[in-house]
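Chains A and B, in that order, give the protein sequences. FYI, this note's numbering numbers position 226 of the first sequence as 226, with every residue one higher than the one before it. FYI, this note's numbering numbers position 330 of the second sequence as 330, with every residue one higher than the one before it. All C-beta atoms in this analysis are idealised placements derived from N, C-alpha and C, irrespective of residue type, glycine included. Being a predicted model, the structure only gives us computed values, none of them experimental. The structure appears right after this line, and notes come after that.
Protein chains: 2
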Amino acid sequence: MNTVDTDTYTIDIMDAIKSNNYNIYFEDSLGELKQFIANGRYSRFFVLTDENTAKYCLPLLRERLGNPDNFDIIEINAGEESKDIDFCIGVWKMLIDFGADRQSLLINLGGGVISDLGGFAASTFKRGIDFVHVPTTLLSQVDASVGGKTGIDIDSIKNIIGTFTQPKAVFIEDEFLKTLPARQILSGTAEMLKHGLICDADYWNELKASDLSNTTAGLIYKSVAIKNKVVLEDPHEKNIRKSLNFGHTIGHAVETYSLINDKDSLSHGEAIAIGMICEAYLSYKKTGLSAEELQEITQVLTNLYPGYNLKAANNDTLLEYMLKDKKNQNGKINCTLLSAIGQFTIDNICTDEELLEGLSYYTNL
Amino acid sequence: MNTVDTDTYTIDIMDAIKSNNYNIYFEDSLGELKQFIANGRYSRFFVLTDENTAKYCLPLLRERLGNPDNFDIIEINAGEESKDIDFCIGVWKMLIDFGADRQSLLINLGGGVISDLGGFAASTFKRGIDFVHVPTTLLSQVDASVGGKTGIDIDSIKNIIGTFTQPKAVFIEDEFLKTLPARQILSGTAEMLKHGLICDADYWNELKASDLSNTTAGLIYKSVAIKNKVVLEDPHEKNIRKSLNFGHTIGHAVETYSLINDKDSLSHGEAIAIGMICEAYLSYKKTGLSAEELQEITQVLTNLYPGYNLKAANNDTLLEYMLKDKKNQNGKINCTLLSAIGQFTIDNICTDEELLEGLSYYTNL
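Written out as C-alpha cells, the structure is:
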C-alpha cells in the first residue's frame, strides 16, 4: 500500500486522463469544453471567476468558446479570504438571483479557491448542480482540480466544510499559466514535488533536474496522473489518499497562521514547502527517512522557496491549528510521513513535542 | 411509471424497513439505537436538539440509552427560522469548538428542521460525518427522516441549499408523539394523506376513515413504506420521486409567504394542505382528475385544516416564490398533479394564469 505504480504513463500524446466518471483534458482543452457544452443539455451557464481570472483568463475562454452570449459571470475577490462561508453565501445568492435551476452548469475559472468554493457551492445548490473546472493556476491544475474534494473555510480553518463531489470534467489549458507571476508558479510546484516525494522517486529526480520556473505540460500531466491514480484507489481518503497530506499537517497550520498574521501572507506552496521540510525531519526521526534524503529534500526546498520567520509564531497557536486538522482522530495529531523518497507511510501519530521539534528543525536551518 | 405498488406491506410485525443502505427501525427503536451505538466505532457523540426536544424528548432518549455521559448537546431554537444558513454556521462552529472529528456521530433529535439542518451540517462537516435521525414529530417521522434529502434555507427560500446524503439509520419511536400538540400531529397527517393521493387509493380511504388526531403506529409504518419505496426507485428525483412534490409547488410558496408575513405562521402541513387543494384543482383542469374526486379531496382537507386568508397575499409574490422552486426548468413552473386519487403525473408545466386559477379555487371555497 505504500507505493503507487507510476511508470506506465504515456506523455508523448497527452490523452485525456480518466478519473472518477469524468475526464481531465489536456490537448485542445478549451475546444473540448466547447464540445462538452454543445453535447450537454444545460439550461443556463454560469462562470465563477475572481477579479484576476476575469481580467486575464475570461477573454481567452470566451473567445475559444465562440463568444457565447448566454453566460452569466459571478466574480469574487481574489485570495484565500474568498473561501470563507460568507463568500459562499454570496455565490449561492447570486445563483438564486440569476434564476439558476437544477439544469444549470457552473464553470469554475480560476485557482484552487475558485474550484474549491465553486465546487462546494454547486454541489449543494438545490442539492447539487453540475460543475466543471477550468483551472488557471499551476497549483489548481496539479492539485485542487483533481480528486473531487470541495471545501470552504470558517474562521480561517481551511476546508472545514465541504463535500466529496466529482466535477463533470476538468479542462487543463497551459496557455493560462503564461499570465501567472513566478511566485504563483512555484506555489504549484510544491505539490508537484510532493507527488514525487510520496510516490515516485524518478519523478522527483526529473523535477530536481528541471527548470521549475518554466514548468512543462509534460510535467503537469505526470503530476495529475499521479494524483489521479491515488484518488481513484481511495476516493474518500480512507487510506492511501492520505499520502497526499504529506507536508500538510504542519503546512496548513503555518498557512493559517500566516493568513491571519501577515500582510503579505505565504502562498499555499510556500507554506507546504515549510510543512514538507518539518515533516521530512519527522520522517527522519520516526519512519526511517535517511539523513541524506532529509538533507536532499531540505536543500531542494530551501533553494526554491524564500525563508520564513517561523520563530515569531506562537507554538501553542500552531499546535491548536494542527489539532483542528480534519485528519486527526480522538484529538491526536496524525501525519503522513516518508520512509524514503518516493515512499509514504500514513497514520503516524505525532506528539506535541515531536511536532515542535519538527518546527525547530526548520527555524534552525 | 405512474403508480407504485404498495399492497405488499406487512404491518402486523413492524420489521425494520430497508432503505438506501440503512434501516428505519420501529419496534423498540431506542433499544436499536443503543445497539447501533454499541456496535459503532465512533469517537464522539453529538445530539442536535431544539429547546422543545431538549425538554420533552432528550430525557427519554438519555434514559433509554442508559444515561451516557459522553454525549455533547447542541441546542438550537425551535422553528423553521433555525434552518437558516446562519444557524447552520452556528452548528458547524459548535462542532469545531467541541473538537468533533471525522469519526463523530451526530444524532438528530427533533422534527424536520433538526433532521434537514443536522443532516446538512453533518454531510458537509469535514466533508461528511455520520448522522442518524431520531424524528420526534409525526411530520419528520413520515417525511423528513426518509429519503436522504438534507437542506437549509437562505432568505426564507426553503431547502435551497442541501445534499442527497443518507443517514446511517433512522429510529422512529411513537412514544415521542404523545408530547405533541394536535396541530403538529395534523401537520404530519398532510404528508400521509399525500402518500395516499399520489400512490395508494386504499391507503387514502383508510386514512379518511381513521381518527387522524390519534394516528396509529401502523399508519405511520405504511406511510414510511410508501415514501421509502418511491425514493428507493428514484433517489435523486429524476422521475417518480417527483410524485412526492404533489401540493408542494403552491404549498411551499404559501408556506414561505406565511413564514414571512404571519405572526402565527402556517404549519408545513397546513400550507401543503392548501397546496394540495389548489393542485387538485389544476389536476382537474389539466390531467383528468374527476370533479367528484376534486370534491372529495377538497372536503377531506378543508374539514381537517383551518381556513387561511390567501386573498391577503400578493399573487405576484406567490408566483415569484414558485419561480424559485427547485423543481422548475428554464424558468417554467413544474407541478406534480393527479390523474386520479392514487395516481400521479409529473412534469406538468403550469402557466401563471393556471396557477392563479388554482389559488382562486382555494380562496373562493
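The beta strand (DSSP E) that contains residue i, what's its start and end?
i, result
"Lys-158/A", "157 to 161"
"Pro-135/A", "130 to 135"
"Ile-349/A", "343 to 350"
"Leu-337/B", "333 to 340"
"Thr-53/B", "Note, Thr-53/B: premise wrong, no beta strand (DSSP E); alpha helix (DSSP H) at 51 to 56."
"Asp-153/B", "152 to 154"
Any idea what DSSP makes of residue i, helix, strand or coil?
i, result
"Glu-75/B", "strand"
"Thr-244/A", "The question names Thr, yet the displayed sequence has Leu at residue 244/A. Here Leu-244/A sits in helix by DSSP."
"Ala-313/A", "coil"
"Lys-208/A", "helix"
"Lys-178/B", "helix"
"Ile-277/A", "helix"
"Tyr-25/A", "strand"
"Val-170/B", "strand"
"Ile-13/B", "coil"
"Asp-234/B", "coil"
"Lys-194/B", "helix"
"Lys-227/B", "helix"
"Lys-382/B", "Any question about residue 382/B goes unanswered here, given that chain B covers just 1 to 365."
"Lys-285/A", "helix"
"Asn-2/B", "At Asn-2/B the pLDDT is 48, less than 50, meaning the model places this residue with poor confidence; the figure from the coordinates comes in the next sentence. DSSP places Asn-2/B in coil when its eight states are reduced to three."
"Lys-263/B", "coil"
"Val-188/B", "Correcting the residue type first, residue 188/B is Gly in the shown sequence and not Val. Gly-188/B falls in the helix class under three-state DSSP."
"Arg-41/A", "coil"
"Leu-367/A", "Absent from the structure is residue 367/A, since the part of chain A shown begins at 1 and ends at 365."
"Asp-200/A", "coil"
"Asp-7/B", "The predicted model places Asp-7/B with a pLDDT of 48, which falls under 50 and marks its position as unreliable; any figure quoted below should be read in that light. Three-state result, Asp-7/B: coil."
"Thr-215/A", "coil"
"Gly-307/B", "coil"
"Leu-365/B", "coil"
"Ser-360/A", "helix"
Check whether the Cβ of residue i lies closer than 8 Å to any Cβ atom in chain D.
i, result
"Arg-183/B", "In the structure shown, chain D does not exist; the protein chains are A and B."
Under 7 Å between beta-carbons, which chain A residues line up against residue i? List them in chain order, please.
i, result
"Arg-41/B", "Within 7 Å Cβ-Cβ: nothing; Arg-41/B doesn't reach chain A, min ~10 Å."
"Ile-260/B", "Result: empty, since nearest Cβ-Cβ is about 16 Å, beyond 7 Å."
"Lys-149/B", "Arg-127"
What does residue i touch in chain B if you count any residue whose Cβ is under 8 Å from its own?
i, result
"Ile-406/A", "Examination of residue 406/A is not possible in this model, given that chain A is present from 1 through 365 alone."
"Phe-164/A", "Arg-127, Gly-128"
"Ile-89/A", "Ile-85, Ile-154"
Give me the chain A residues within the contact set of residue i, using Cβ-Cβ distance strictly less than 9 Å, ordered along the chain.
i, result
"Gln-329/B", "Ser-43, Asp-101, Arg-102, Gln-103"
"Lys-324/B", "Ile-96, Gly-99"
"Lys-93/B", "Ile-154, Asp-155"
"Lys-194/B", "Residues of chain A passing the Cβ test: none, with the nearest at roughly 20 Å."
Bridge partners for residue i per DSSP, in chain order?
i, result
"Val-47/A", "Ile-73/A, Ile-107/A"
"Lys-149/B", "Phe-164/B"
"Phe-125/A", "Ile-161/B"
"Gln-329/A", "Lys-332/A"
"Lys-18/B", "Asn-23/B"
Just to check, is the beta-carbon of residue i closer than 7 Å to a non-hydrogen atom of the ligand NAP?
i, result
"Met-14/B", "As presented, the structure is devoid of all ligands, the ligand NAP included, so that no description of it is given."
In terms of residue numbering, what span does the alpha helix (DSSP H) encompassing residue i cover?
i, result
"Ala-291/B", "291 to 304"
Name the chain A residues whose beta carbon is nearer than 8 Å to that of residue i?
i, result
"Ile-160/B", "Trp-92, Ile-96, Phe-125, Lys-126"
Any chance you could list the beta strand (DSSP E) runs of at least 3 consecutive residues sitting entirely within the region 60 to 113 of chain B, in chain order?
Runs of the beta strand (DSSP E) inside the region 60 to 113 of chain B: 71 to 76, 104 to 110.
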